[in-house]
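The structure appears below as structure tokens.
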Amino acid sequence: MQQVPPPKCFCGLAARLNRVKRSKEGGDGSRAIGKYFFFCSKKRDDETQCRFARPAELELSKEKVGARGRKKADGRGGGSDEKVDEK
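Each residue of the sequence shown is one higher than the one before, counting from 4 in this note's numbering.
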């Protein structure tokens, strides 16, 4: 999980990776609890902190799709380049 390069938040800074925990106010029904998200890297009490929150799964899937696209562009993406003689 740590190998994923952090995306830029709306502030322009690199986001930080955190796991979502239960809140004390009672947000038990959230499907985000226990999942990893990228958040703005500024302190919580900082008034200039942006509202950036992106699931880490989204970044992982982007990386996998990008890797597949690069292979095809490089000519290494499966398939055979052999010529077949048709008789």
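Using N, Cα and C, we set each Cβ at its ideal position, and we do this for glycine too.
Here the structure is a predicted model, which means the values were calculated and not measured.
| Asked | Found |
| --- | --- |
| Continuous beta strand (DSSP E) stretch holding L20: start and end | R19 to R22 |
| Segment limits, beta strand (DSSP E) that includes A56 | A56 to P58 |
| Given L61 as reference, the closest of R34, F40, D31 and E28 once Cα atoms are compared | F40 |
| N- and C-terminal bounds of the beta strand (DSSP E) containing F13 | Taken as a continuous stretch (DSSP letters only), F13 belongs to no beta strand (DSSP E), as it is neither H nor E. |
| Span separating the alpha-carbon of V7 from that of L63 | 7 Å |
| Assigned exposure category for A1 - 16 Cβ within 10 Å defines buried | This structure cannot speak to residue 1, because the chain is shown only from 4 to 90. |
| A35 classed as buried or exposed, judged by whether at least 16 other C-beta atoms fall within 10 angstroms | exposed |
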